[in-house]
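Chemist: Residue numbers (the numbering used here): 41 to 373.
A virtual CB, placed ideally from N, CA and C, is assigned to each residue, including glycine.
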């Protein structure tokens, strides 16, 4: 590389832009070696963690997800994200904002803490890329985003629908969030889609479902076309539960289900969504204790980078040529 090495970029980085070189195995850890900061002035995207897993129904451990994703990202932070032909960090000011604070001893208070955390970042004009934690964290994140953007289009990658009924509204449960989101008008199910599902879904709530078998049988291009037709130009919140991937590719998660997507399929589908009106994004349910050679954390970090490229392509980059011979023109703001 022609970029001089700079150690501990999480603390020593001068600019919020650009990609620097640092040993993959050393230094203070932040996502993609971005500056660790709570100063949101001039920040396009704030990366933050929500290390909450009290809502899980099976194996705990997703509270360590943000730490695992950050650590895995150091192995890919030194080069441009392939196959995109631009570096999102040349166009986006991105910081690692650290983690959301909440009291682990009073889990019923966590949703309010997460929502307040999101509202603070959004009020500063920054977009959010959030790492869970279990999938329940998306519910308070959606509340904050819907307050700013109105009812959202939800693009939801998962093995599960997460639409279990919760009539009394008292459960802190990673299987109920999108039942609440639909009921409360946080998302518009008629403009939303769930991809990769492969468990029983008795309460679809009006969401379009493109299950795992459809992905395998129809192929990524057809799935991309269906998603784009569903969401249109509506503001999109993108949430990726890592158990959407087959356990062969993502064993490090709390509720693995066989028959899922490959990492390649997930990246192909995400890459095909270039141009969508992405306003918020998260990657959840990474539980490093069950991982093998950090492949789940690495997949999560790579998917997160794909999301940042999507965000940059829509909001900041005038002309984007993306691998495999296709391109799209987006007008920057």
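State the beta-bridge partners of residue 301 as determined by DSSP.
Modeler: 285.
Chemist: Going by DSSP in three states, residue 118 sits in which element: helix, strand or coil?
Modeler: The answer is coil: DSSP assigns residue 118 none of H, G, I, E or B.
Chemist: Look at the alpha carbon of residue 188 and the alpha carbon of residue 227, and state the distance between them as a whole number of angstroms.
Modeler: Residue 188 and residue 227: Cα-Cα distance of roughly 12 Å.
Chemist: What would DSSP say about residue 150, mapped onto helix, strand or coil?
Modeler: The answer is helix: DSSP assigns residue 150 an H, G or I state.
Chemist: For residue 198, count neighbouring Cβ atoms within 10 angstroms of its own Cβ and tell me buried if that reaches 16, exposed if not.
Modeler: The residue is buried, with at least 16 neighbouring Cβ atoms inside 10 Å.
Chemist: Determine the direct distance from the alpha carbon of residue 232 to that of residue 100, and round the result to whole angstroms.
Modeler: Looking at the two C-alpha atoms, the distance is approximately 28 Å.
Chemist: Along the beta strand (DSSP E) that carries residue 318, what are the first and last residues, could you check?
Modeler: Residue 318 -> beta strand (DSSP E) spans 318-324.
Chemist: Can you list, in chain order, the residues of its chain with a C-beta nearer than 6 Å to that of residue 136? Leave out the 5 residues immediately preceding and following it.
Modeler: 70, 71, 74, 76 and 87, listed in sequence order.
Chemist: Do residue 129 and the ligand PLP come close, with the Cβ less than 7 Å from some heavy atom?
Modeler: Only the bare structure without any ligand can be found here, which leaves the ligand PLP out of the picture.
Chemist: Rounded C-beta distance between residue 320 and residue 185? I'm assuming under 8 Å.
Modeler: About 5 Å separates the two Cβ atoms, so the contact holds.
Chemist: Report back the beta-carbon spacing between residue 264 and residue 313 to the nearest angstrom; my notes put them in contact at under 8 Å.
Modeler: Confirmed, Cβ separation roughly 6 Å.
Chemist: Measure the alpha-carbon distance for residue 105 versus residue 84 and round it to whole angstroms.
Modeler: Computed Cα separation, rounded: 23 Å.
Chemist: Go through its chain and collect everything with a Cβ distance to residue 240's Cβ below 7 Å, but skip five positions before and after it.
Modeler: Correct list: empty, nothing qualifies.
Chemist: Go to residue 48, then tell me how far its beta strand (DSSP E) extends in each direction, as first and last residue.
Modeler: Careful: residue 48 lies outside any beta strand (DSSP E) and carries neither H nor E.
Chemist: Determine the DSSP secondary structure at residue 280, reduced to helix, strand or coil.
Modeler: Of the three classes helix, strand and coil, the one that applies to residue 280 here is strand, per DSSP.
Chemist: For residue 179, write down the residues that DSSP places opposite it in a beta bridge.
Modeler: Per DSSP, none; premise fails for residue 179.
Chemist: Taking buried to mean at least 16 other C-beta atoms within 10 Å of its own C-beta, is residue 331 buried or exposed?
Modeler: Result: buried.
Chemist: Can you tell me the Cβ-Cβ gap for residue 290 and residue 342, rounded? I've got them flagged as a contact below 8 Å.
Modeler: About 11 Å; that fails the 8 Å criterion.
Chemist: Mind checking which residues open and close the beta strand (DSSP E) that includes residue 197?
Modeler: Per DSSP, residue 197 belongs to the beta strand (DSSP E) from 193-197.
Chemist: Is the CB-CB distance between residue 348 and residue 182 below 8 Å?
Modeler: It is not a contact, given that the beta carbons lie outside the stated cut-off.
Chemist: Could you spell out the range, first to last residue, of the beta strand (DSSP E) harbouring residue 168?
Modeler: Start and end: 167-172.
Chemist: Rank 210, 273, 354 and 350 by C-alpha distance to the C-alpha of residue 307 and give the top, closest one.
Modeler: With distances taken between Cα atoms, residue 307 lies closest to 350.
Chemist: Excluding five sequence neighbours on each side, which residues of the same chain lie with their C-beta closer than 6 Å to the C-beta of residue 222?
Modeler: Contacts found: 229 and 245.
Chemist: Taking just the CA atoms, how far does residue 124 sit from residue 163?
Modeler: About 30 Å.
Chemist: Tell me, which residues are paired with residue 348 by DSSP?
Modeler: Paired residues: none, contrary to the question.
Chemist: Keeping to the same chain, check which residues put their C-beta closer than 7 Å to that of residue 95; ignore five residues upstream and five downstream.
Modeler: If we look at residue 95 and ignore the five residues flanking it on each side, its Cβ neighbours are 174, 176, 212, 213 and 214.
Chemist: Can you tell me the Cβ-Cβ gap for residue 193 and residue 249, rounded? I've got them flagged as a contact below 8 Å.
Modeler: Not confirmed; about 15 Å, so no contact.
Chemist: Which residue wins for smallest C-alpha separation from residue 273, given the options 316, 51, 143 and 80?
Modeler: When only C-alpha atoms are compared, the closest one is 316.
Chemist: Check this for me: beta carbons of residue 283 and residue 172, under 8 Å apart or not?
Modeler: Cβ atoms of residue 283 and residue 172: not closer than 8 Å.
Chemist: Kindly indicate the opening and closing residues of the beta strand (DSSP E) around residue 138.
Modeler: Residues 134-139.
Chemist: What is the DSSP secondary structure of residue 86, counted as helix, strand or coil?
Modeler: Strand at residue 86.
Chemist: Given this structure, state the Cα-to-Cα distance separating residue 158 from residue 292, to the nearest angstrom.
Modeler: In a straight line, the C-alpha of residue 158 is about 26 Å away from that of residue 292.
Chemist: Using the C-alpha atoms, what's the distance from residue 51 back to residue 166?
Modeler: Cα to Cα, the separation comes out at about 20 Å.
Chemist: Can you name, in chain order, every residue of its own chain whose Cβ lies under 8 Å from the Cβ of residue 247, other than the five neighbours on each side?
Modeler: Closer than 8 Å at Cβ, skipping near neighbours: 194, 196, 201, 203, 218, 222, 229, 232, 233 and 234.
Chemist: In the structure shown, what three-state DSSP assignment does residue 257 receive?
Modeler: DSSP places residue 257 in helix when its eight states are reduced to three.
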